[in-house]
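Structure first, commentary second.
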Amino acid sequence: MQTEISTALLRDVRNRFSERQPKIVSLIRALVETESPSGDVVGSRAVVNLLADAAAGARGVTSIDRVDVPNFGQHLVIRAFQDRAGAGNILLVGHTDTVHPRGSVAERPWRLEANRIYGPGIFDMKANCALAVALLHAWDDFDLVPRCGITLALMCDEEVGSLSGWPVLKEIARTDNVQRALILEPPAPGGQAKTGRKGTGIFQMHVEGRAAHAGLEPEKGASAILELAKQIVRLHEFNGSGSGIKVNVGVVQGGTRSNVVAAEASAELDVRFATAAQAKTIEERLLSIVSDDPRVKVRVSGSINRPPLERTEQVLELYGLARNIAGLLDFELGETQVGGASDGNFLASIGIPVLDGLGIDGDGAHADHEHIIVDDIPRRGALLAGLIASL
Ligand SMILES: [Zn+2]
1404 MQTEISTALL RDVRNRFSER QPKIVSLIRA LVETESPSGD VVGSRAVVNL
1454 LADAAAGARG VTSIDRVDVP NFGQHLVIRA FQDRAGAGNI LLVGHTDTVH
1504 PRGSVAERPW RLEANRIYGP GIFDMKANCA LAVALLHAWD DFDLVPRCGI
1554 TLALMCDEEV GSLSGWPVLK EIARTDNVQR ALILEPPAPG GQAKTGRKGT
1604 GIFQMHVEGR AAHAGLEPEK GASAILELAK QIVRLHEFNG SGSGIKVNVG
1654 VVQGGTRSNV VAAEASAELD VRFATAAQAK TIEERLLSIV SDDPRVKVRV
1704 SGSINRPPLE RTEQVLELYG LARNIAGLLD FELGETQVGG ASDGNFLASI
1754 GIPVLDGLGI DGDGAHADHE HIIVDDIPRR GALLAGLIAS L
């Protein structure tokens, strides 16, 4: 695949983003100051209104749809250049929900300091929602149209697992004949794209042993706690094994009193993996655990809940293209693989080439020092426009 947009045009696009930057920043500010933690219906709808209003009137926009989600608010789906959708659509994905409860903005108000803007949810990812809308306007001033249609999907429940968002994205992938997905999640440190994300699974282990008096006749008991401890040690051996599988036993419970051999114990596990094969390995291993002691029963429940975003050839092809375009804009776009999952994981699992972590550079996702780097706005905008034009 060749980069077909010229360096001169790319730089013009970046300059246009620079001129529009005050407008983009004021939309970011309005979005940040309209708090929308996951599950806040009023906040979600208010943010969607701001974005829909800002997108209306862009040259290519053909439809703006709100998808109501009970107890959450609304997903926003904007389609553009649908006269080109015969060649399929490029799907841009973001989310409007944040992890910051209402009141966070009062505690940590919008603050511009030395090329950084701080604010709850700005980096993950209200700034990128605003950038996505600016991207829809990027074609207004140039004799440039994408070769495919564009579908922008901004979801309202990503931070809590996309229970309603994933079915909607899956349906869009089908109806819109999605060719590639660009995920506007925050980048890794230094602005790096994310070319891999681990998948996740959540499991519970429950051990049933046999109670007995610890002093009088301990031999008649079978300790559930001892069994659980042995299993935990075995599971944690995955972590240093080079298998790529990570297991964390994050919660344990068990027993009744110190002088009783414990009849029951349980644990909650988080597992992470980089490939579908690893997911299968760990799931099979967990679900087949038995005790060496026939008096003890081990039961494991749970499942894989997000598939991995694997660093496939398709992903690398998209990344290579993005890196070339960044080079034309005089910056180095790095890549990395990370542990946390996003909606990109789901889209990759149905075979769509995905490039993730394409949002504006910054730091502090989900933390008090969450911020974006202001100077990154125009070049990110130009990078994304150039990438879409090249697909
Ligand atoms: Zn996010």
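The opening position of the sequence shown corresponds to residue 1404 in the numbering used here, with each subsequent residue numbered one higher.
In this text, a Cβ means the ideal position worked out from N, Cα and C, and glycines have one as well.
Determine whether the beta carbon atoms of Leu-1603 and Ala-1744 lie at a separation below 7 Å. Position 200 of the sequence shown, counted from the first residue, corresponds to residue 1603. Position 341 of the sequence shown, counted from the first residue, corresponds to residue 1744. Note on residue identity: the sequence assigns Thr, not Leu, to residue 1603. In this structure, Ala-1744 lies closer than 7 Å to Thr-1603 by Cβ.
Just the residues with CB closer than 7 Å to a heavy atom of ligand 1, in chain order, which are they? His-1498, Asp-1527, Met-1528, Glu-1561, Glu-1562, Glu-1588, Pro-1589, Ser-1745, Ala-1768
First and last residue of the uninterrupted beta strand (DSSP E) at Lys-1597: Working through the sequence shown from its first residue, we reach residue 1597 at position 194. Note, Lys-1597: beta strand (DSSP E), 1596 to 1600.
Since I believe Leu-1494 is in contact with Thr-1350 (beta carbons under 8 Å), could you give me their beta-carbon distance rounded to a whole number of angstroms? No answer is possible for residue 1350: the residues shown for the chain start at 1404 and end at 1794.
My guess is that Pro-1440 and Arg-1505 are in contact by the Cβ rule of under 8 Å, so how many angstroms apart are they, rounded? Position 37 of the sequence shown, counted from the start, is the residue given in the question as residue 1440. Position 102 of the sequence shown, counted from the start, is the residue given in the question as residue 1505. With a Cβ gap of about 6 Å, Pro-1440 and Arg-1505 count as contacting.
By how many angstroms is the C-alpha of Gly-1612 removed from the C-alpha of Met-1350? Residue 1350 falls outside the range modelled here, since the chain spans only 1404 to 1794, and no answer is possible.
Could you pull the start and end residues of the alpha helix (DSSP H) that Thr-1465 belongs to? Residue numbering aside, residue 1465 sits at position 62 when the sequence shown is read from its first letter. Per DSSP, Thr-1465 lies in no alpha helix (DSSP H); the unbroken beta strand (DSSP E) holding it starts and ends at 1464 to 1472.
At what residues does the alpha helix (DSSP H) containing Ala-1488 begin and finish? By one-based count along the sequence shown, residue 1488 stands at place 85. Unbroken run through Ala-1488: none, as it is neither H nor E.
Let me check one thing: in DSSP terms, what residues is Pro-1523 bridge-paired to? Stepping through the sequence shown from its first residue, residue 1523 is reached at position 120. Answer by DSSP bridge pairing: none, since Pro-1523 is not bridged.
Ala-1490 and Arg-1550: beta carbons closer than 7 Å? For the purposes of this step, residue 1490 is identified with residue 87 of the sequence shown, where counting begins at 1. For the purposes of this step, residue 1550 is identified with residue 147 of the sequence shown, where counting begins at 1. Yes, the pair counts as a contact, with Cβ atoms nearer than the cut-off.
Just list the residues that DSSP pairs Asn-1492 with in beta bridges. On the sequence shown, residue 1492 is found 89 positions in, with the first residue counted as 1. For Asn-1492, which the question treats as bridged, DSSP gives the partners Gly-1552, Val-1581.
Output needed for Gln-1405: all residues of its chain with C-beta closer than 7 Å, excluding positions within five of it in sequence on either side, in chain order. The sequence position of residue 1405 within the sequence shown is 2, counting from 1. With a pLDDT of 44 at Gln-1405, under the threshold of 50, the modelled position of that residue is not reliable, and the figure given next carries that caveat. So no residue of the chain qualifies.
Roughly how many angstroms lie between the CA atoms of Leu-1736 and Val-1699, to the nearest whole one? Position 333 of the sequence shown, counted from the start, is the residue given in the question as residue 1736. Position 296 of the sequence shown, counted from the start, is the residue given in the question as residue 1699. A straight-line Cα-Cα distance of about 54 Å links Leu-1736 and Val-1699.
Can you give me the C-alpha to C-alpha distance between Ala-1458 and Ala-1668, rounded to a whole angstrom? Here residue 1458 corresponds to residue number 55 of the sequence shown, with the count starting at 1. Here residue 1668 corresponds to residue number 265 of the sequence shown, with the count starting at 1. Going by the C-alpha atoms only, they are around 54 Å apart.
Member of Glu-1436, Asn-1474, Asp-1456 whose CA lies at the smallest distance from the CA of Asp-1468: For the purposes of this step, residue 1468 is taken as the residue at position 65 of the sequence shown. Nearest to Asp-1468 by C-alpha distance, out of Glu-1436, Asn-1474, Asp-1456, is Asp-1456.
Taking DSSP as the reference, what is the three-state secondary structure of Met-1404? Here residue 1404 refers to the residue found at position 1 when the sequence shown is read from its first residue. Only weak support exists for where Met-1404 lies, its pLDDT of 42 falling under 50; the coordinates are left without a value.
Pull up the CB-CB distance for Ser-1567 and Phe-1749, whole angstroms please, since I reckon it's below 8 Å. One-based indexing of the sequence shown puts residue 1567 at position 164. One-based indexing of the sequence shown puts residue 1749 at position 346. No, Ser-1567 and Phe-1749 are not in contact; Cβ-Cβ is about 12 Å, not under 8 Å.
According to the Cβ coordinates, are Arg-1714 and Thr-1598 closer than 7 Å? As a position in the sequence shown, residue 1714 is number 311, starting the count at 1. As a position in the sequence shown, residue 1598 is number 195, starting the count at 1. Against a cut-off of 7 Å, the Cβ pair of Thr-1598 and Arg-1714 comes out as a contact.
Out of Pro-1473, Ala-1533, Gly-1723, state which residue places its alpha-carbon closest to the alpha-carbon of Ile-1431. Indexing the sequence shown from 1 puts residue 1431 at position 28. Of Pro-1473, Ala-1533, Gly-1723, the residue nearest in Cα terms is Ala-1533.
Less than 7 Å between the beta carbons of Val-1663 and Ala-1632, yes or no? Walking along the sequence shown from the start, residue 1663 turns up at place 260. Walking along the sequence shown from the start, residue 1632 turns up at place 229. Not a contact, by the Cβ cut-off of 7 Å.
Best match in Gly-1789, Pro-1711, Ile-1728, Asp-1443 for proximity to Val-1563 [C-alpha to C-alpha]: Walking along the sequence shown from the start, residue 1563 turns up at place 160. When each option's Cα is compared against that of Val-1563, the closest is Asp-1443.
Nonlocal neighbours in the same chain, by C-beta distance under 8 Å from Asp-1415, ignoring five residues either side: Taking the sequence shown and counting its residues from 1, the one referred to as residue 1415 is at position 12. Closer than 8 Å at the Cβ level, and outside the excluded window around Asp-1415, lie Phe-1545.
Opening and closing residue of the beta strand (DSSP E) in which Lys-1700 lies: As a first step, residue 1700 is located in the sequence shown; it is residue number 297 there, counting from the start. From DSSP, the beta strand (DSSP E) with Lys-1700 extends over 1700 to 1709.
Thr-1684: first and last residue of the uninterrupted alpha helix (DSSP H) it sits in: To locate residue 1684, count along the sequence shown from 1; it is residue 281. Start and end: 1679 to 1690.
Mind checking who Leu-1515 pairs with in its DSSP beta bridge? Here residue 1515 is taken as the residue at index 112 of the sequence shown, counted from 1. BP columns for Leu-1515 point to Ile-1520.
CA-CA distance, Leu-1784 and Asp-1778? For the purposes of this step, residue 1784 is taken as residue 381 along the sequence shown, with counting starting at 1. For the purposes of this step, residue 1778 is taken as residue 375 along the sequence shown, with counting starting at 1. The question names Leu, yet the displayed sequence has Gly at residue 1784. One Cα belongs to Gly-1784, the other to Asp-1778, and the distance between them is close to 11 Å.
DSSP three-state label for Asp-1456, please. The count along the sequence shown starts at 1 and reaches residue 1456 at position 53. Residue state, collapsed to three classes: helix.
Residues in its own chain within less than 7 Å of His-1769 by CB, not counting five upstream and five downstream? Position 366 of the sequence shown, counted from the start, is the residue given in the question as residue 1769. Within the same chain, His-1769 has close Cβ partners Val-1502, Asp-1527.
Simplified DSSP state of Arg-1726, which is helix, strand or coil: Along the sequence shown, one-based indexing puts residue 1726 at 323. Arg-1726: helix per DSSP, three-state reduction.
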